[in-house]
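The listed protein sequences correspond, in order, to chains Z and G. Quick note: the first sequence uses the working numbering, first residue 1, plus one each step. Quick note: the second sequence uses the working numbering, first residue 1001, plus one each step. No residue lacks a Cβ here, since even glycine has one placed at the ideal position from N, Cα and C. Predicted model, so just to flag it, every value in this text is computed and none were measured. A quick write-up on the structure given underneath.
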Amino acid sequence: MIRKLLVANRGEIARRVFRTCRDLGIATVAVHSDPDASSPFVAEANESVALGGATPAESYLRGGAIVAAAVAAGADAVHPGYGFLSEDAGFAAAVVAAGLTWVGPPPAAIEAMGSKLAARRLMGDASVPVLPGEDLTGVGDADLESVATKVGWPVLVKASAGGGGRGMRVVRRPRDLMEAVAAARREATAAFGDGTVFLERYVDEPRHVEIQIFGDAHGRVVSLFERECSIQRRHQKILEEAPSPVMTAALRDAMGAAAVTAGRAIGYVGAGTVEFVLTPDGEFYFLEVNTRLQVEHPVTEAVTGLDLVALQLAVAEGHPLPPGALAPELRGHAIEARLYAEDPLASFLPSAGTLSRFEVPLDAGVRVDSGVESGDTVSVNYDPMLAKVVACGSSRDGARRRLVAALRRARIHGVTTNRDLLVAVLEHPEFADGAIDTHFLERHPPTSLCLLPPPGSAQVRHSVLAAALADQAAARRAASVWAEAPSGWRNNAGDPQVRAYRYRYDQGPARLEARYRRGRTGWWAEVDGTGIDAVATTVEPGQVELVESGVRRRYRVETEGDRVWVDGPDGSVELQREPRFPERGAAAAAGSLVAPMPGVVRRVQVTEGDLVERGAPLVILEAMKMEQTVLAPVTGTVTAVPVAENQTVAAGATLVVIHEGGDAEAGEGAGG
Amino acid sequence: MTVLRSAVDRGSDVFRSNREGMLARLAALDDQQALARAGGGAAYVERHRSRGRYLARERIDLLVDEDAPFLELSSLAAWGTEFTVGASVVTGVGVVAGTECMLIAHDPTVRGGASNPYTWRKVLRAMAIARENRLPTVNLVESGGGDLRTQAELFVPAGKLFHDLTALSAAGIPTVALVFGSSTAGGAYVPGMCDYSVMVRQAAKVFLGGPPLVKMATGEDADDESLGGAEMHSRVSGLSDYLADDELGCIAIGRQIVEHLHWRKLGPGPSEPSDPPVHDPEDLLGIASIDLKVPFDPREVLARTVDGSRFEEYKPLYGSALVTGWASVWGYPVGVLANARGVLSNEEAQKGTELILLCNQTDLPLVFLQNTTGFMVGTRYEQRGIVKDGAKMINAVTNSSVPHVTINMGASYGAGNYGMSGRSYDPRLLFTWPNAKTAIMGPEQLAGVMSIVARQAAQAAGRPFDEEADATRRAELAARVEAESLAPHMSGLLYDDGIVDPRDTRTILGMSLSVCHNNVVAGTRGYGVFRM
């Protein structure tokens, strides 16, 4: 019986496990790195142990320290979550060796599935369908093509160790094969310390369909149905659902049976996932077994009504699987969206910073598993997933629409996220029709999905006006004198007030200018020279209400530095304030090239024709026992150096002449 | 404190005709102010802009804090004269980096920003306000100097400008010159006399004599950049403390300068709740009489002006033609004197004197709401000492050292104007409603008096009195006095600090009191409060 559980993980999955522990009356222990010290998951645990360090290697990958923490805190079980050490057989063995309960499959099962190549072989032997493939160990360059032909074109070159798409390459032509194999070997060696690679038949338009399996210590292994995870960016799943839109009862039975066979073959205990590739003509092939709880497990929970973490704990305690798991029922449809702190418009670059606000509306049928809360810092050290938003419904379309609504109304400020991309995919007709495969985002790259409303749209224009009105309200509230006077008050009416914002549109940034004036009866306003025929009924620093043709819309406005987020009825718009006065460096001028005082030229570091960067040292002058470096005030071309080293110069003597810009056309910019 | 109740009947004929009349006057005021805004006219504005330059008001808009108000002063200066309305300069109080500053911006579209006699009066008035209220002063300079057509009127008073600028500095009031363009001859002393000067590269030109004058005087051929360019002054003469790349940069530097002053106001600041009045200020349009013979209750004005419409009335049963008491505006506590029924008789004069003394005792600024036809005349009042009582009030007003802010809501005639802190009594600020008139007496009374005097003279000389000619003369005189007493005329002569919309009275008073609190707020000490 588990009394106190340590979760060897962080973020949302630690919170997820703790939640079930609270339900079951199990005490909890968190371990954490230094940057996570004040994370919500640490605060929610009964006890916590600092692992130190910031990177995973310094913290969550230190198995020995984690086992020691469990012992120190008096925990009797360890749950690994996903990622980090969750599929590390050595860690599992260490936990067991320390006399603690390991919430996961036996180390041997983890070991067996750790090598993809070994797993393929094992599954092939157990009659689980596997894609044709060949180990390349010991295969020379000359034989590569014949091996590939045996597998069948096109082929995928894959590293045996590791995952996440690293070391994978699709090869369609024999002449590209040799190089692809060499590169995959290099990459696999560098990433996993194991250069073993193999070839596998490559499926075009594949769907990623996986079966959730569960085994208990009493020899039972069951299938908890499938999840479809075909929407991926760079082999990273971002939308997952259950059931799969293309699933038939027969196919489900066949895949479920194959998965259970796979689980039995390795003596599986606990939660596992058997991943398959499903071809357009309904054939499926084994890919791999994930010997842990998956990120996307909530969709299975939503359609089966089971608590998978509770099942994991029950199985770890040695209980048999309960009747609900032995005869699961599939009800309704669920879709999960993974919110990442990353920029889909900038090659999915992770974004970091302070998440000044993070609120996802918890409407009926919506579940949010998040690792962060408003005010948290998003660190660059870990996976940039902020939260999983799961919506369920009686139909796929119902779940889809709920999820869109929840994501759209979420208020996420401070870091760039993939929210708009998720919404765009969910609303795409192909997705709505269930016509998806793992290449969806390659066919429809983020830039083509019109993630952002155009600058001329009513949503953006209204958001700019709301931002301007909220900003002026904040400015008036912060005023130290005359705060009681109406905004921008004039007794001799003049130009309207102006605030400008930068809007980052897919097609490049746009500058939008709001002009507004507080009249005796209300606000007058225009954005980008076109009037907005709306009445502002509420104008506060955090909130603006606009009534247009009798329709009242509320815009909530939040700012952080010069960034502004406007959350309106149509979604969120992020803006950046344009500075009122252009930023510029100190007014460096061409004249700084004259000797500031009489002295001796000690060094001349440029010659005629040199291109110099602004701020580059040109001449060192010694005067009054002090050395003075004359710097280039602008970037440009040196057109004259009328002094030589050791020459004595008078104050005001020209030292160097630079022509601003690249071309050496004579002109101003001279120093004398 | 009592919350004032209102008895205004918005449906009454008087209310409606007052409102119509006031709206017409406000429209006329806006027309005149539009002339000031238009400066030298579209062609000159276009030429100025084509040089990449901002207009005077645009410079001010950029200099003051975003969304902050700007209280423009003397916008109708030179009204009714041969000069452009506004007198080719914009003055006013603006908030720069959280600091109330006096801003003086030449309008280069009007004859190159050249100054005429009204320009000097307006600028000198602005500097007087800056001095009395301790306001840092920022000059936005682009002026060709004096308008030589008027040199005879200009030359002597112009000297006062430089005198007052440096006197401000000596009084501990920082002065800043932002030079956007020409500032030549006498104008060169503006950056010269200011504590700080910023010049715009390739635009500012500051020299005593331009190339033609230098050529005439010494035969030297000089170009204006080396005579007085921003680069030269920033690197060689040192007259410029900061070199700005362009106008925006210049304004940004100006804002930084004001920021580093870390200005501290010396007054005690607001101390009361600053909740708005409970009655609608819009009603003021219907309350203020267009026909000045019809009195109106100033409590209705206070009910739409002071914090929470709260007013504690002093001596409500005594001298009831003058309403006195205490209130606050924007949280600044004040004493109030407001005319209820035009005339001031002995009791009103005594009551007003007492309130002035009481407020000096407790260092409270005074607000005067004028609507007076003057001190009472007649045997009975003379025998009761109306001259002595009026003198007491004038004495008290004169020697009161707390700040006064005066609003002329209607009539301001005769010595009533003096007793109610008219222009000559140096209120810190004085504003006029568009319906107001200011004169030695009402036009009809004045014409009537002149007629009686003429009739008496004719009789004494035994001449026949030409009734027809008298009627014509009387009508002409009344018309002339009427025209001269109107608000735009008085404002044009700088006898007030501006004509304001009655609905803005609370805002104007609040700003004015806040301005006053930049300086020490201290009453006169010496004697106790005399019970008159």
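Contacts of residue i in chain G (Cβ-Cβ under 7 Å)
i                      : result
residue 582 of chain Z : 1248
Own chain residues within Cβ distance below 6 Å of residue i, not counting five before or after
i                       : result
residue 1485 of chain G : 1437, 1438 and 1439
residue 228 of chain Z  : 209, 241 and 244
residue 1035 of chain G : 1085
residue 669 of chain Z  : Caution applies to residue 669 of chain Z, whose pLDDT of 34 falls short of 50 and renders its modelled position unreliable; the value that the coordinates give is listed next. The answer, listed in chain order, is 590, 658, 659 and 660.
residue 1332 of chain G : 1270 and 1513
residue 1371 of chain G : 1339, 1409, 1410 and 1411
residue 1177 of chain G : 1139, 1141, 1190, 1191, 1194 and 1197
Proximity test, Cβ basis, 9 Å: residue i and chain B
i                      : result
residue 520 of chain Z : No chain B is part of this structure, whose protein chains are labelled Z and G.
Counterpart residues of residue i in DSSP-defined beta bridges
i                       : result
residue 450 of chain Z  : In DSSP, residue 450 of chain Z forms no bridge with anything.
residue 385 of chain Z  : Z:340
residue 1339 of chain G : G:1322
residue 568 of chain Z  : Z:571
Reduced DSSP category for residue i - H, G, I as helix; E, B as strand; rest coil
i                       : result
residue 428 of chain Z  : coil
residue 1155 of chain G : helix
residue 1101 of chain G : strand
residue 330 of chain Z  : coil
residue 1189 of chain G : helix
residue 1055 of chain G : coil
residue 255 of chain Z  : helix
residue 1408 of chain G : strand
residue 1250 of chain G : helix
residue 587 of chain Z  : Interpretation of residue 587 of chain Z is limited by its pLDDT of 41, a score under 50 that renders its predicted location unreliable; the figure taken from the coordinates is listed afterwards. Three-state DSSP puts residue 587 of chain Z in coil, outside helix and strand.
residue 1122 of chain G : helix
residue 471 of chain Z  : helix
residue 335 of chain Z  : strand
residue 215 of chain Z  : strand
residue 1243 of chain G : strand
residue 1453 of chain G : helix
residue 369 of chain Z  : strand
residue 294 of chain Z  : coil
residue 323 of chain Z  : helix
residue 1510 of chain G : helix
residue 1262 of chain G : coil
Chain Z residues whose Cβ lies nearer than 9 Å to that of residue i
i                       : result
residue 1033 of chain G : 491, 492 and 493
residue 1036 of chain G : 492
residue 1066 of chain G : 471, 472, 475, 488, 497, 498, 499 and 580
residue 1225 of chain G : What residue 1225 of chain G touches in chain Z: nothing, since even the nearest Cβ is about 12 Å away.
Nonlocal neighbours in the same chain, by C-beta distance under 7 Å from residue i, ignoring five residues either side
i                      : result
residue 16 of chain Z  : 309 and 369
residue 587 of chain Z : With a pLDDT of 41 at residue 587 of chain Z, under the threshold of 50, the modelled position of this residue cannot be trusted, and the question is left open.
residue 365 of chain Z : 391, 392, 393 and 402
Chain Z residues whose Cβ lies nearer than 7 Å to that of residue i
i                       : result
residue 1468 of chain G : Near residue 1468 of chain G there are no residues of chain Z at all, since even the closest Cβ is about 46 Å away, more than 7 Å.
residue 1070 of chain G : 490
residue 1082 of chain G : Ordered by position in chain Z, no residue passes the 7 Å Cβ test against residue 1082 of chain G, which lies about 22 Å from the chain.
residue 1252 of chain G : 581
residue 1274 of chain G : 484
Beta-carbon proximity list for residue i, same chain, < 8 Å, skipping 5 on both sides
i                      : result
residue 48 of chain Z  : 29, 30, 31, 32 and 42
residue 542 of chain Z : 470, 556, 557 and 558
residue 589 of chain Z : Caution is warranted here: a pLDDT of 44 is assigned to residue 589 of chain Z, below 50, making its placement in the model unreliable, and the coordinate value is therefore given only provisionally. Excluding residues within five positions, the ones whose Cβ falls inside 8 Å are 633.
Chain Z contact residues for residue i, given Cβ-Cβ distances below 8 Å
i                       : result
residue 1075 of chain G : 491 and 492
residue 1100 of chain G : 481 and 482
residue 1498 of chain G : 491
* Which residues, in chain order, does the region 473-506 of chain Z contribute to contact with chain G at a C-beta distance below 8 Å? -> 475, 476, 479, 480, 481, 482, 484, 485, 486, 487, 488, 489, 490, 491, 492, 493, 494, 495, 497 and 499
* To do: Quick one: which residues of the region 1505-1521 of chain G get their C-beta closer than 7 Å to a C-beta of chain Z? List them in chain order.
  => 1507, 1510, 1511 and 1514
* Near-chain Z residues of the region 1325-1336 of chain G - C-beta to any C-beta below 7 Å -> Hits within the stretch, in order: 1330.
* Pull out every residue of the region 1039-1064 of chain G whose Cβ sits closer than 8 Å to any Cβ of chain Z, in chain order. => 1057, 1058, 1061 and 1062
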